[in-house]
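Trainee:
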Amino acid sequence: MWTRTAAEMTITLYIIRHGATKSNKRHAYLGNTNEPLSNEGGEQIIFYNEAGRYPKEKDNLLIFSSPMLRCLQTKDILYPDTRAILLPEWKEIDFGRFEGKNYQDLNGDPDYQRWIDSGGVTAFPGGESRDEFVKRSMAGLEWCIECMEDYKQKSAVCIVHGGTIMAIMSSLTGGDYYDYQVKNGQGYEIELSIKNNNVQLEKLTPIAMEEAEEKDK
121 MWTRTAAEMT ITLYIIRHGA TKSNKRHAYL GNTNEPLSNE GGEQIIFYNE AGRYPKEKDN
181 LLIFSSPMLR CLQTKDILYP DTRAILLPEW KEIDFGRFEG KNYQDLNGDP DYQRWIDSGG
241 VTAFPGGESR DEFVKRSMAG LEWCIECMED YKQKSAVCIV HGGTIMAIMS SLTGGDYYDY
301 QVKNGQGYEI ELSIKNNNVQ LEKLTPIAME EAEEKDK
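Sequence positions in the sequence shown follow our numbering and run 121 to 337.
1. Less than 7 Å between the beta carbons of Ile236 and Ala204, yes or no?
2. Measuring CB to CB, does Cys267 end up less than 7 Å from Ile135?
3. Between the alpha carbons of Ala171 and Ile197, how many angstroms are there, rounded?
4. What span of residues does the alpha helix (DSSP H) with Met188 cover, start to end?
5. Kindly list the residues whose CB is nearer than 7 Å to the CB of Lys195, restricted to its own chain and excluding five residues on each side of it in sequence; keep chain order.
6. Is the distance from the Cβ of His281 to the Cβ of Glu209 below 7 Å?
7. When the distance is taken between beta carbons, is Tyr168 closer than 7 Å to Gly307?
8. Kindly indicate which residue of Arg217, Arg173, Asn227, Ile314 has the alpha-carbon position closest to the one of Glu248.
9. For Gln273, which residues in the same chain have their Cβ closer than 6 Å to its Cβ, ignoring the five residues on either side in sequence?
10. For Glu311, which three-state DSSP category applies?
11. Below 7 Å between beta carbons: does that hold for Ile261 and Ile285?
12. Starting from the C-beta of Thr293, find all residues in its chain whose C-beta is less than 7 Å away, skip the five residues before and the five after it, and write them out in chain order.
13. For a test of the three-state rule: what should DSSP assign to Gln193, helix, strand or coil?
14. Determine whether the beta carbon atoms of Leu133 and Ile310 lie at a separation below 7 Å.
15. Hey, would you say Ser313 sits closer than 7 Å to Thr130, going by beta carbons?
16. With a threshold of 16 other CB atoms inside 10 Å of the CB of Ile327, please say whether the residue is buried or exposed.
What follows is the structure in structure tokens.
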């Protein structure tokens with residue numbers, strides 16, 4: 121998988137989806153638009169943090185983030201005193217012509233129906249295919265691990281997008297892409313072992329999913 125030989129190591133990543141935006145609330149495709157968190161989205165992140173679901177800020181905490189505003193604002197709520205390492209490879213998928221629209225807006229659009237019929241695998245019109253996106257997201261994971269090796273760190277927080285989480289987790293597990301959909305503020309704590317240029321998922325624990333169920337009641 122890796123383009124350089126990594127040392128044998130075991131690492132823990134806390135992969136967290138950013139807080140909600142107005143587009144997220146209306147279930148619109150939100151990729152390249154640099155939309156901020158909504159007030160509700162920021163409060164949601166504070167709620168999960170106060171419930172103790174995220175790692176606490178400390179002197180040697182390593183944080184990686186998508187460069188999109190919604191991820192950076194989430195980082196600033198959780199870790200205001202720690203600078204994030206930005207990985208452009210972890211931007212959300214390019215939704216192309218579907219950007220900013222939801223399923224109601226696209227109802228009756230032949231291109232949308234073709235994309236649905238493909239199981240969401242083909243490229244968005246004017247955007248990325250799933251394969252392209254997964255490859256890009258995994259390149260970001262490679263950079264993340266190499267950086268952790270350079271900094272001699274065994275754990276890190278990664279603040280990313282819902283699609284990024286689906287891409288990384290389905291690639292690591294061999295599972296279905298949509299099996300790893302998470303709500304805003306949720307994610308996974310994963311333990312990875314790296315040996316002989318291969319990465320192996322050793323452990324997977326959901327983040328903030330119980331609190332979301334309670335809050336939704």
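Even glycine gets a Cβ: it sits at the ideal position worked out from N, Cα and C.
Mentor: On the basis of the supplied data:
1. No, the pair does not count as a contact, with Cβ atoms beyond the cut-off.
2. Contact: no.
3. Answer to the nearest angstrom: the Cα atoms are 14 Å apart.
4. Following the DSSP letters along the chain, one finds Met188 in no alpha helix (DSSP H), marked with neither H nor E.
5. If we look at Lys195 and ignore the five residues flanking it on each side, its Cβ neighbours are Ile183, Ser185, Ala204, Ile279.
6. Cβ distance not < 7 Å, so His281 and Glu209 don't count as in contact.
7. No. Outside cutoff.
8. Out of Arg217, Arg173, Asn227, Ile314, Arg217 has the C-alpha closest to the C-alpha of Glu248.
9. Only Leu182 meet the Cβ criterion.
10. In the structure shown, the three-state DSSP call for Glu311 is strand.
11. Residue 261 is actually Leu in this sequence, not Ile. Annotated as distal: Leu261 and Ile285, with beta-carbon spacing of 7 Å or more.
12. Non-local beta-carbon contacts of Thr293 in its own chain, meaning distances under 7 Å to residues more than five positions away in sequence, involve Leu321 in chain order.
13. Looking at Gln193 - three-state DSSP - the assignment turns out to be helix.
14. In this structure, Leu133 places its C-beta atom within 7 Å of the C-beta atom of Ile310.
15. Contact: yes.
16. Label assigned to Ile327: buried.
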